[in-house]
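In the numbering used here, the protein residues as written are 761 to 1079.
Where is the CB? At the ideal position from N, CA and C, for every residue including glycine.
Heads up: the structure comes next, in structure tokens.
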Ligand SMILES: NC(=O)c1ccc[n+]([C@@H]2O[C@H](COP(=O)([O-])OP(=O)(O)OC[C@H]3O[C@@H](n4cnc5c(N)ncnc54)[C@H](OP(=O)(O)O)[C@@H]3O)[C@@H](O)[C@H]2O)c1
């Protein structure tokens, strides 16, 4: 029997049996061994991002073992260990998936590490190596530095030779981020982060801000950029930026709004981004950490904890 966490309608989940069936042409049947949790799940769970239809299965990141392959699949066989992201439907013990989307896992990366970090790590890759290419000597600001993506960005940016400033909402999160390469933390719940960045940089500002908070931080994030600095917008945990704020942004700064999907649209791109992540892990630049684990049957409660800022690092759900 296979079970999944089904979203019946926004805000209403049920842990129920599902039929998975045999893989069709080009597909694989995957038995999940570990499943990742991402802030993206919270947007779908509360209905602020519309699902393709209800009922549906959330979850965008997982690792597992191939159980069977359909006709036309090459380069993959039963027993292979794989991961994937960002593909909807991972909050299930097993699933069918296009074989083309699967990423082979190196032996050095465990299933739990992959499920925890493959989406977040590939996001960190495109943020730091493609959206704005961090150079040694840069100063950058990463919001939610103790979050899933944030903790990886701190490590990777430090590995690239940047000075890293991170915002966090508590002392415990500050310690966590510092232990992962964040040079300076700012508690943006208690302090004005823009004023603090001005102090830290003697008024010079930063080369790039990685902005994932949205309406609570957007204009202040702009205000701390150097002239011709870059704001990389990749999330809005506090809510979308009101449209009128875009008319207030300074004219001599770059803005890019990005998504992992755009950088992993082809198999070639997906494998290249994943390879850079795994190479950076092998070089000691980034650790793939599992923050906490809980049963997949508690995915609904894990989403609530993520939404209410109770988590640090990455949560893994065990099927
Ligand atoms: N565009 C993409 O390709 C892409 C891919 C992956 C993730 N993302 C985005 O990246 C961000 C981080 O994702 P993640 O999965 O790693 O989550 P996460 O950082 O582990 O969790 C979100 C964090 O945002 C902070 N936050 C600030 N204001 C908040 C609010 N009003 N409500 C809730 N959280 C708030 C909290 O950290 P503090 O308590 O320290 O403030 C919270 O822990 C999210 O915005 C996500 O949507 C985008």
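Distance cut-off 7 Å: residue i Cβ against heavy atoms of ligand 1
i: residue 811; result: no
i: residue 818; result: no
i: residue 941; result: no
i: residue 1049; result: no
i: residue 843; result: no
i: residue 792; result: no
i: residue 1067; result: yes
i: residue 1019; result: yes
i: residue 1052; result: no
i: residue 786; result: no
i: residue 1015; result: no
i: residue 994; result: yes
i: residue 762; result: no
C-beta contact flag for residue i and residue j at 8 Å
i: residue 804; j: residue 847; result: no
i: residue 964; j: residue 898; result: no
i: residue 822; j: residue 839; result: no
i: residue 855; j: residue 790; result: yes
i: residue 957; j: residue 920; result: no
i: residue 878; j: residue 863; result: yes
i: residue 770; j: residue 807; result: yes
i: residue 916; j: residue 793; result: no
i: residue 880; j: residue 835; result: no
i: residue 966; j: residue 986; result: yes
i: residue 824; j: residue 787; result: no
i: residue 1037; j: residue 882; result: yes
i: residue 778; j: residue 852; result: yes
Distance between beta carbons of residue j and residue i, contact taken as under 8 Å
i: residue 925; j: residue 913; result: Their Cβ separation, rounded to whole angstroms, is 11 Å, which puts residue 925 and residue 913 out of contact at 8 Å.
i: residue 795; j: residue 1079; result: 6 Å
i: residue 982; j: residue 988; result: Residue 982 to residue 988, Cβ: 13 Å. No contact.
i: residue 780; j: residue 885; result: Going by Cβ atoms, the distance from residue 780 to residue 885 rounds to 31 Å, so no, they are not a contact pair.
i: residue 797; j: residue 1062; result: 5 Å
Distance cut-off 7 Å: residue i Cβ against heavy atoms of ligand 2
i: residue 976; result: Ligands in the displayed structure: ligand 1; ligand 2 is not one of them.
Extent of the continuous beta strand (DSSP E) run through residue i
i: residue 853; result: No beta strand (DSSP E) holds residue 853; DSSP gives it neither H nor E.
i: residue 773; result: 772-778
i: residue 1063; result: Segment 1059-1067 is the alpha helix (DSSP H) holding residue 1063; no beta strand (DSSP E) there.
i: residue 722; result: Nothing can be reported for residue 722: it is not among the residues displayed for the chain, which extend from 761 to 1079.
i: residue 806; result: No beta strand (DSSP E) holds residue 806; DSSP gives it neither H nor E.
i: residue 767; result: 762-769
i: residue 1001; result: Element bounds for residue 1001: n/a, residue is neither H nor E.
Neighbourhood of residue i by C-beta distance below 7 Å, restricted to the same chain and skipping five residues each side
i: residue 1002; result: 975
i: residue 933; result: 906, 1072
i: residue 953; result: 927, 946, 980
i: residue 1017; result: 993
i: residue 849; result: 817, 819, 855
i: residue 1060; result: 765, 773
i: residue 776; result: 763, 764, 766
Same chain, Cβ closer than 6 Å to residue i, five either side skipped, listed in chain order
i: residue 1053; result: 1076, 1078
i: residue 816; result: 767
i: residue 1014; result: 990
i: residue 923; result: 899, 943
Endpoints, the alpha helix (DSSP H) within which residue i is located
i: residue 952; result: Segment: none, residue 952 is in no alpha helix (DSSP H) and carries neither H nor E.
i: residue 1131; result: As shown, the chain starts at 761 and ends at 1079. That puts residue 1131 outside it, with no answer to give.
i: residue 1080; result: In the structure as shown, the chain starts at 761 and stops at 1079, and residue 1080 therefore has no counterpart that could be examined.
Interface flag, residue i vs chain B, CB-CB below 8 Å
i: residue 813; result: You won't find chain B in this structure, because it holds only one protein chain.
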